[in-house]
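Protein chains in written order, with this note's numbering: chain L, -5 to 413; chain W, 201 to 468. The C-beta atom is built at its ideal place from N, Cα and C for all residues, glycine as well. One structure is given here, and the rest of the page talks about it.
Right, dumping it as structure tokens:
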């Protein structure tokens, strides 16, 4: 039952009333010192297996507040926080999303310090050299796409020598991905060979690295746009962002590059990277990921009439596959030596771009599993948006990345008022 | 320094004024191509660079209104040639702080980027369809940044006391929704005061009109512009406020550094 909790119902009523009242006020008359949104979201499984207690995966009301101001001519600060009433967890929380000072004291130097969202690389929902924290839980339950990127508490130094960009990001305390841990979303338990759901208090959690200097993260990017050809090189020193089966965030060094440009009547991108698993150079340590080579290519094209298509293909080659096979305790549930995934995004806008249809599909030929993300979004007014979408997982095997999420397939609805 | 800048400005203004009056004197001898080129320059290449804030009102057939507000920076590499645009969105609030950047090329596709601040994401946009709507309005991308003059065949239909009336027929009809369009050009300042789009049956279905033209720093400038769908009665009105030319915007503003961090000195 969606409306079991009366508090939820009240919140919904308040939000709907507020939205209908405020949306009739002309935009010019609103001069608030801050911006943001209020939204309510509900999502749940449409086919819940008996071992899972709850149908609902998402039921929350969220208010975002954003405030920006200048500090003199060469600095500024930004503050953005979410206040959430989470009916799924039965608690209210405040999540600081951004709180940073950005200073640009010199012609070719900038620094941005504090809590910030960081993104680089060329993929669309596929990442190789972007090793900033991601919130896959939010992503899989249908929160807005902005929540896929979790914030980092970091300092970003940027230099601009001769039209190039050099970014150095230092994250003193390792920031892991927000991975699927059994709360809300089930995952495959290799030990017992079944999918499991865990109560909030007992979720799976990896043992995060110490808060030592040498466990902090360092990420580097050097980028140059040469006549529309965007070339970049990346480096990373830190840890794998998700825990291994044994709950370890193993050491990781990564190196890579990317190119993006106009080509073949659309946008073409290519990105590659080498993940050096520092603590498992031979690939025979159980519980530590093997080193891998990763590469992806993408192509994006506008077909006219507000219809566009994006295609990507990514492959991940495990370096010491024989050693991995020999060292694994779960010979039934081995990963592929070459895991590949193809994606397709089709977007169509209609009704003066107020209706947006978006279909993103992941399919892995090697794992024979996939993930569909259909979404319909409607801008009812300039301020009110309604979104309906789904996260649909499928696959034959129990343990592969998307197939193990099959029992979490869900649909969601969201209503947002932005101000 | 300021004095010198001021005197340069005066000279430029005077010169521009002279140039303009000169054009109207020699206008009679202009070829069609020259008229088209001057119109293109007057409409899209005023000054070396420029800034304006666009207040857009989109009205549908049930009289419902939507608003957009963005600040646009423009810099020309050469007149009627390459150009750079930087558009920073203020409204509506769900696109606030988003930046849209274009490097306009001649004879080849433009380069376009979109910055989404909530994800700190710089996305490259594949936008080949320049006839699609600009931010959900009744203006197309081509209306905003200009339709390449080489794409059309141009004819001078008529010359009235105040206007040249031109007819533009696309050389390749595959990529456009119109069969041809007529344009009324002010003979004094080469501002296109009205464009009318026709379908295959010679029926007009769309107009773009300059509702108000002002002289700003010596450059004739359309400050109110309307695009109307004649079939549905829907329309969009763009008001250009705080228009300024020749600000000396540096080239590097139109790059990734300032996509990620809005250059507030230039956006003001």
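CA-CA distance, residue 137/L and residue 384/L?
Taking the first chain and counting its residues from 1, one reaches residue 137/L at position 143. Taking the first chain and counting its residues from 1, one reaches residue 384/L at position 390. Residue 137/L and residue 384/L have their C-alpha atoms some 11 angstroms from each other.
Tell me where the alpha helix (DSSP H) around residue 404/L begins and ends.
Sequence index remark: in the first chain, residue 404/L carries index 410 (1-based). Segment 404 to 412 is the beta strand (DSSP E) holding residue 404/L; no alpha helix (DSSP H) there.
Where do the N-terminal and C-terminal ends of the alpha helix (DSSP H) with residue 149/L fall, by residue?
Taking the first chain and counting its residues from 1, one reaches residue 149/L at position 155. Looking at the DSSP string, residue 149/L is not in any alpha helix (DSSP H); the run it does join, the beta strand (DSSP E), is 146 to 153.
Consult DSSP for residue 349/L and reduce its assignment to one of helix, strand or coil.
Residue mapping note: residue 349/L aligns to position 355 of the first chain, counting from 1. Residue state, collapsed to three classes: strand.
Relative to the C-alpha of residue 75/L, which residue among 265/W, 306/W, 258/W, 318/W is closest?
Counted from its first residue, the first chain places residue 75/L at position 81. Checked all of 265/W, 306/W, 258/W, 318/W; the closest Cα to residue 75/L is 318/W.
Can you tell me the Cα-Cα spacing of residue 283/L and residue 167/L, whole angstroms?
Locating residue 283/L in the first chain gives position 289, counting from the first residue. Locating residue 167/L in the first chain gives position 173, counting from the first residue. Spanning the two alpha carbons is a distance of roughly 21 angstroms.
Could you please tell me which residues of the segment 175 to 195 of chain L, in chain order, have their CB closer than 7 angstroms to any CB of chain W?
none
Mind pulling the chain W residues with CB within less than 8 angstroms of residue 111/L?
The count along the first chain starts at 1 and reaches residue 111/L at position 117. Correct list: 318, 319, 320.
Got a sec? Which residues, its chain only, sit under 6 angstroms from residue 366/L by beta carbon, not counting five neighbours each side?
Indexing the first chain from 1 puts residue 366/L at position 372. Correct list, in chain order: 355, 386.
Taking 8 angstroms as the CB-CB limit, is residue 18/L close to chain W?
Taking the first residue of the first chain as position 1, residue 18/L is located at position 24. Its pLDDT being 46, under 50, residue 18/L is placed unreliably in this model, and the value from its coordinates should be taken loosely. Residue 18/L does not count as touching chain W.
Does the beta carbon of residue 345/W sit closer than 8 angstroms to a beta carbon anywhere in chain L?
Along the second chain, one-based indexing puts residue 345/W at 145. Judged by the 8 angstroms Cβ criterion, residue 345/W is not in contact with chain L.
Suppose you measure from the CA of residue 247/L to the CA of residue 281/W; what does that come to, to the nearest Å?
Within the first chain, the letter at position 253 stands for residue 247/L. Within the second chain, the letter at position 81 stands for residue 281/W. Taking the straight line from one Cα to the other gives about 46 angstroms.
To the nearest whole angstrom, what separates the beta carbons of residue 247/W and residue 445/W, a pair I think is in contact under 8 angstroms?
As a first step, residue 247/W must be located in the second chain, where it is residue number 47. As a first step, residue 445/W must be located in the second chain, where it is residue number 245. Their Cβ separation, rounded to whole angstroms, is 3 angstroms, which keeps residue 247/W and residue 445/W in contact under 8 angstroms.
Does DSSP put residue 257/W in a helix, in a strand, or in coil?
To locate residue 257/W, count along the second chain from 1; it is residue 57. When secondary structure is reduced to three states using DSSP, residue 257/W falls in the strand class.
Can you look up residue 121/L in the DSSP assignment and give me helix, strand or coil?
As a position in the first chain, residue 121/L is number 127, starting the count at 1. In this structure, residue 121/L counts as coil in the three-state DSSP scheme.
Residues in its own chain within less than 8 angstroms of residue 249/W by CB, not counting five upstream and five downstream?
As a first step, residue 249/W is located in the second chain; it is residue number 49 there, counting from the start. Counting only Cβ-Cβ distances below 8 angstroms, and skipping sequence neighbours, we find 273, 274, 275, 276, 445, 446, 447, 448, 449.
List the residues of chain W that residue 64/L touches, going by C-beta distances under 9 angstroms, in chain order.
To locate residue 64/L, count along the first chain from 1; it is residue 70. Chain W residues near residue 64/L: 464.
Using only the alpha-carbon positions, how far apart do residue 249/L and residue 173/L sit?
Taking the first residue of the first chain as 1, we reach residue 249/L at position 255. Taking the first residue of the first chain as 1, we reach residue 173/L at position 179. Just so you know, the alpha carbons of residue 249/L and residue 173/L end up roughly 23 angstroms apart.
Compute the Euclidean distance between the alpha carbons of residue 220/W and residue 395/W, then round it to the nearest angstrom.
Residue numbering aside, residue 220/W sits at position 20 when the second chain is read from its first letter. Residue numbering aside, residue 395/W sits at position 195 when the second chain is read from its first letter. Note on residue 220/W: pLDDT 47, under 50, position unreliable in the model; no value is reported.
Residue 456/W: buried (16+ other C-beta within 10 angstroms of its C-beta) or exposed?
Locating residue 456/W in the second chain gives position 256, counting from the first residue. Label assigned to residue 456/W: buried.
Taking C-beta pairs closer than 8 angstroms, name the residues in chain L that residue 328/W reaches, listed in chain order.
Locating residue 328/W in the second chain gives position 128, counting from the first residue. Neighbours of residue 328/W on chain L, chain order: 259, 260, 295, 296, 298.
For residue 371/W, name the three-state secondary structure that DSSP assigns.
Along the second chain, read from residue 1 onward, the residue named residue 371/W stands at position 171. Coil at residue 371/W, not helix or strand.
Our contact map puts residue 337/L next to residue 252/L with C-beta atoms below 8 angstroms; I'd like the distance itself, whole angstroms only.
As a first step, residue 337/L is located in the first chain; it is residue number 343 there, counting from the start. As a first step, residue 252/L is located in the first chain; it is residue number 258 there, counting from the start. About 17 angstroms separates the two Cβ atoms, so there is no contact after all.
Is DSSP giving residue 398/L helix, strand or coil here?
As a first step, residue 398/L must be located in the first chain, where it is residue number 404. DSSP places residue 398/L in helix when its eight states are reduced to three.
Closer than 7 angstroms, Cβ to Cβ, to anything on chain L: give me those residues from the segment 273 to 299 of chain W, in chain order.
291, 292, 293, 294, 296
Just the Cα atoms here: how many angstroms apart are residue 135/L and residue 330/L?
What you label residue 135/L is simply residue 141 of the first chain in a count that begins at 1. What you label residue 330/L is simply residue 336 of the first chain in a count that begins at 1. Roughly 27 angstroms between the two C-alpha positions.
Could you check whether the Cβ of residue 266/W sits closer than 8 angstroms to any Cβ belonging to chain L?
Numbered from its first residue, the second chain carries residue 266/W at position 66. Closer than 8 angstroms: yes.
Can you find at least 3 beta carbon pairs, one from the segment 99 to 114 of chain L and one from the segment 368 to 380 of chain L, that sit closer than 8 angstroms?
no
Residue 395/W touches chain L at which residues, Cβ-Cβ below 9 angstroms?
In the second chain, residue 395/W corresponds to position 195, counting from 1. Simply none; closest approach about 20 angstroms.
Using the Cβ count rule (16 or more neighbours within 10 Å means buried), how would you classify residue 302/W?
What you label residue 302/W is simply residue 102 of the second chain in a count that begins at 1. Residue 302/W comes out buried.
Sort 341/L, 194/L, 197/L, 144/L by Cα distance to residue 128/L and report the nearest one.
As a working mapping, residue 128/L is identified with position 134 in the first chain. Looking at the Cα atoms, 144/L is the closest of the given residues.
How would you list, in chain order, the residues of chain L whose beta-carbon sits under 7 angstroms from the beta-carbon of residue 311/W?
Counting from one through the second chain, the residue named residue 311/W turns up at place 111. 222, 256, listed in chain order.
In chain order, which continuous runs of the beta strand (DSSP E) of length 3 or greater are located wholly inside the segment 245 to 310 of chain L?
245 to 257, 260 to 271, 286 to 298
How about residue 285/W and residue 332/W: do their beta carbons lie closer than 8 angstroms?
Walking along the second chain from the start, residue 285/W turns up at place 85. Walking along the second chain from the start, residue 332/W turns up at place 132. It is not a contact, given that the beta carbons lie outside the stated cut-off.
Do you know how far the Cα of residue 56/L is from the Cα of residue 85/L?
Taking the first chain and counting its residues from 1, one reaches residue 85/L at position 91. Taking the first chain and counting its residues from 1, one reaches residue 56/L at position 62. If you take the alpha carbons of residue 85/L and residue 56/L, they lie about 12 angstroms apart.
Nearest-angstrom Cα distance between residue 460/W and residue 231/W?
Working through the second chain from its first residue, we reach residue 460/W at position 260. Working through the second chain from its first residue, we reach residue 231/W at position 31. If you take the alpha carbons of residue 460/W and residue 231/W, they lie about 45 angstroms apart.
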